[in-house]
Every structure is written in structure tokens, then in C-alpha cells.
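Numbering (UniProt numbering), first residue to last: 1 to 394. In this text, a Cβ means the ideal position worked out from N, Cα and C, and glycines have one as well. Quantities reported herein were computed from a predicted structural model and do not represent experimental measurements. See structure below.
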Ligand SMILES: Nc1ncnc2c1ncn2[C@@H]1O[C@H](COP(=O)(O)OP(=O)(O)OP(=O)(O)O)[C@@H](O)[C@H]1O
Ligand SMILES: C[C@@](O)(CCO)CC(=O)[O-]
Ligand SMILES: [Mg+2]
């Protein structure tokens, strides 16, 4: 029986280059963001598993004998969620077939991960779980992956598949490389429930943090990443990664000879950008930026060709261009977030003016730090007052 109260956190991510192409085996460059998802884990009432997800309005509780019986009925050999397993979970949770609302997908991913992990490593746990996030949901910043990484780490720990590395008196701790590999592989299964066909880049960044190159499951930390100033803008136009990824696949099947060269070009941009970043000094001077800016412009055009642009993102690019700044969408596109490079010689006045114009479009924008740590275990009392308050209210 789980007896400690702890918290797990995982960062969101920004994809610099390679979104969508990475689903088809091309290279992506991604960095962890200083916005995180937090999961609080507490011993629950004996025989009950409860989950509260304030970001998507879910508060559910099940008795563990009922979950154990369901787990027995849907047991499968494969680690990946099957259509039949997900149908059985939907029926159990009262989720309509084909429902793709955030709360339905979040509940389904929770149930799948809980039952699949406990079937392999232990018993259905009697715990109380709350997940709250600083990340906007469904905006391209990897909220689904941060959610899945937190769930994977907490459930694997409760079931005894990974250690609880936090010693008495410590405020934070991380898991070993081997344990992180296990967390990442289960988070990928959670992403599958939410996304349908994820590449795995988002959960890799959520697990390992920092800055990495990702291609076909191979994760390579970037050797050296300069301090890049990035402005993040949320257009607040809602979209679903699952739907956008499916749309790109359809376009490629329809026009392979036209679309495949676009994917190859995106791959080349990611690779060139990696070389440029690794050759840059830690605190780059303005002359290093024009090439990075051109990569942003070219890739933004490519993403429009793939059909994942949106008028709100065009507007974002136009507004920043009017201040001589370069932007591209990040994540799945179709709305959501864009990133803007801020070269070191950009005057504070120019940044302020760009921000004001973006806000006047109804967008929200903020400067961000990149390269945050990956999944982390926390002693609850070491969390900030804001996070504690948000978790306690739930
Ligand atoms: N804090 C959260 N609590 C519960 N579920 C969440 C939370 N954040 C995200 N989700 C789940 O993830 C889904 C959003 O995932 P989606 O992949 O569409 O967007 P994203 O991950 O924010 O963007 P991208 O995949 O482009 O980086 C939501 O519909 C919900 O099911
Ligand atoms: C659009 C996509 O490439 C990135 C979403 O953040 C999907 C994926 O890689 O799973
Ligand atoms: Mg996602």
C-alpha cells in the first residue's frame, strides 16, 4: 500500500524544427520549456482510486475491485493500446465512441496507463491523484506528453517498477537513465491514446528535458545549445494534434511526389539548424542569427504547404515581421502557439512593441527560458506556493 505524499513534475516543450515530419521518421529538434505539469500523489481510501484533472474538468473515482475485474477482461500481450481495449475502457467510463473532447481523452489515457502498468508490475493502487499544469492544454507546447510522463512516473513508482529516489529531507530527486527509459516508453503509450500516432518526441523531451535531436525513436542530447531568447505566442485558437497529424498523413498519401520533398527539406532544415546551434558560442552575437531566422521563415512556409497553418498563425508572423522579427508555428499548428526568435541586439522597446501588437490581436505572449530539467520527483512542501495552492484547490 502506497503511504507517502509526493509530487511529480514534467516540462512542456518547444519544437524548433521538425514537427509533423518527425512522425514520418525525419529529424526534429526540441527543447524543454520552463512551464511544467505537476501531479500530486497521496494514499487514497482503501479500495479506491481517484483522479482529479482541473485543467480538463475531470473528477472521477473508482473502486479497485471493479478496475481489477476490468483489467482481467482486457488483458493483452502487447504494450500498445488496442482498439478493443480502448473500446472496453470507454464503455466502462461512459465515454461515447469517437469522443475526442479533452476530458474524454485524458480519462481514457489515465485508465489505460493505470490498468496496463498495474497489470505488468503490481496491483491496482489505492491512491489519490491530482494533475494540474502551467501549460495551456492543446496549444502545441506538449501538454499531452507532460501529462503522460507524470502519470507514467507516478504509476510506475506506486507499482514498484521504478524506485522512489527521494530521500527524507531532500526536496527533489531524479530517476536513473534506465528508469527514465521505462517512464518514457509508458508515456509514449499514453500519448498513443491521446494522439493516435505520435512520433515520441514530446514525451522524450518531457522525460529527459534539456535540448535534443529526435529521429525514429533515437534520442540524442544536443552537444551545446546557446542561450536563445524566444518569445512564445499563444493564438488561443484550439486544435487537436491527433486531427492535424491525420490530415498530414492524408495529404502525403494523396500527393506523395509533391509532399515527400517537403518532408525532406524540413529534415534538412533540422539537420542544418543542429550544426549551426552546435557551432555557436554559448552567448551568441547578432551575426549568428540571420541563418536561424531564414530557417524559421522557410519551415513556416513548408508547414503551410503540409496544411497545418492557420490565419491566426499568418497574422502572428506578419505582426512580428513588422518589427523585423521572424516566427514559425511550433507543435502541431492549426492555431496553438508560435515561436519568435529574439536576437540579442533586439531593443527592449521593439520586443515590447511586438508584444503589444500581438496582444492587440487577442493573443497571449511571454518570453521563455528553454532547456528545463525533465521529469522530477518533489517533496510536496518544496513546491511553490502557487503550485501548492492549485493542487490543494482541486
Ligand atoms: N493538465 C492536463 N490534465 C489532463 N489532461 C491533459 C492535460 N493537459 C493535456 N491533457 C490532454 O492532452 C490533450 C491535448 O493534447 P494535444 O496533443 O492535442 O495538445 P498539446 O499536447 O498541448 O500540443 P502538441 O501535441 O502540439 O504539443 C487534451 O485534450 C487532454 O486530453
Ligand atoms: C505534430 C507533432 O510532430 C508534434 C506535436 O508536438 C506530432 C508528434 O511528433 O507526435
Ligand atoms: Mg500533444
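Please classify residue 264: is it buried, with 16 or more other beta-carbons within 10 angstroms of its beta-carbon, or exposed?
It counts as exposed.
Between residue 336 and ligand 3, is there a pair consisting of the residue's CB and a ligand heavy atom that are separated by less than 7 Å?
Answer for residue 336: no, Cβ out of range of ligand 3.
Going by beta carbon distance, what residues of the same chain come within less than 7 Å of residue 95, once the five residues before and after it are set aside?
For residue 95, where only same-chain residues beyond five positions count, the Cβ hits under 7 Å are 104, 107, 108.
Tell me the DSSP bridge mates of residue 38?
According to DSSP, which records beta bridges pairwise, residue 38 is partnered with 9, 132.
Starting from the C-beta of residue 83, find all residues in its chain whose C-beta is less than 6 Å away, skip the five residues before and the five after it, and write them out in chain order.
So the list is empty, once near-sequence residues are dropped.
Would you mind reading off the limits of the alpha helix (DSSP H) that contains residue 184?
First-last of the alpha helix (DSSP H) with residue 184: 177 to 195.
Could you give the residue range of the beta strand (DSSP E) that holds residue 24?
Neither: residue 24 is in no beta strand (DSSP E) and is coded neither H nor E.
Can you tell me where the alpha helix (DSSP H) holding residue 167 begins and where it ends?
Residue 167 -> no alpha helix (DSSP H), and no H or E assigned at all.
I need the boundaries of the beta strand (DSSP E) containing residue 63, first residue and last residue.
Looking at the DSSP string, the run of the beta strand (DSSP E) that includes residue 63 is 58 to 63.
State the beta-bridge partners of residue 220 as determined by DSSP.
Answer by DSSP bridge pairing, in chain order: 213.
Please state the DSSP three-state secondary structure of residue 17.
Correct three-state label for residue 17: strand.
Residue 41 and residue 154 look like a contact to me (Cβ under 8 Å); what is the Cβ gap, rounded to whole Å?
Confirmed, Cβ separation roughly 5 Å.
Evaluate residue 76 with the Cβ neighbour count: other Cβ atoms within 10 Å of its Cβ, from every protein chain shown; 16 or more gives buried, anything less gives exposed.
Under this definition residue 76 is an exposed residue.
Specify, as a first and last residue, the run of the alpha helix (DSSP H) that residue 208 falls within.
Counting along the chain, the alpha helix (DSSP H) containing residue 208 begins and ends at 201 to 208.
Here's a check: name, in chain order, each residue in its chain whose Cβ is nearer than 8 Å to the Cβ of residue 47, leaving out the five neighbours to either side.
Excluding positions up to five away in sequence, the list reads 63, 64, 65, 126.
Let me know the secondary structure DSSP gives residue 228 once reduced to three states.
Residue 228 falls in the coil class under three-state DSSP.
Please give me, in chain order, every unbroken run of the beta strand (DSSP E) with length at least 3 that falls completely inside the UniProt domain "GHMP kinase C-terminal" (299 to 354).
The qualifying runs are 327 to 329, 337 to 341.
Could you work out which residue in 199, 341, 45 is closest to residue 290 when comparing CA atoms only?
If we check each option's Cα against that of residue 290, 341 comes out closest.
Could you tell me whether any non-hydrogen atom of ligand 4 is closer than 7 Å to the CB of residue 142?
Of the ligands one can find in the structure shown, namely ligand 1, ligand 2 and ligand 3, none is ligand 4.
Does the beta carbon of residue 257 fall short of 7 Å from some heavy atom of ligand 1?
No, the beta carbon of residue 257 sits no closer than 7 Å to any heavy atom of ligand 1.
Kindly confirm or deny that the region 21 to 29 and the region 159 to 168 touch, where touching means at least three C-beta pairs closer than 8 Å.
No: fewer than three Cβ pairs fall under 8 Å.
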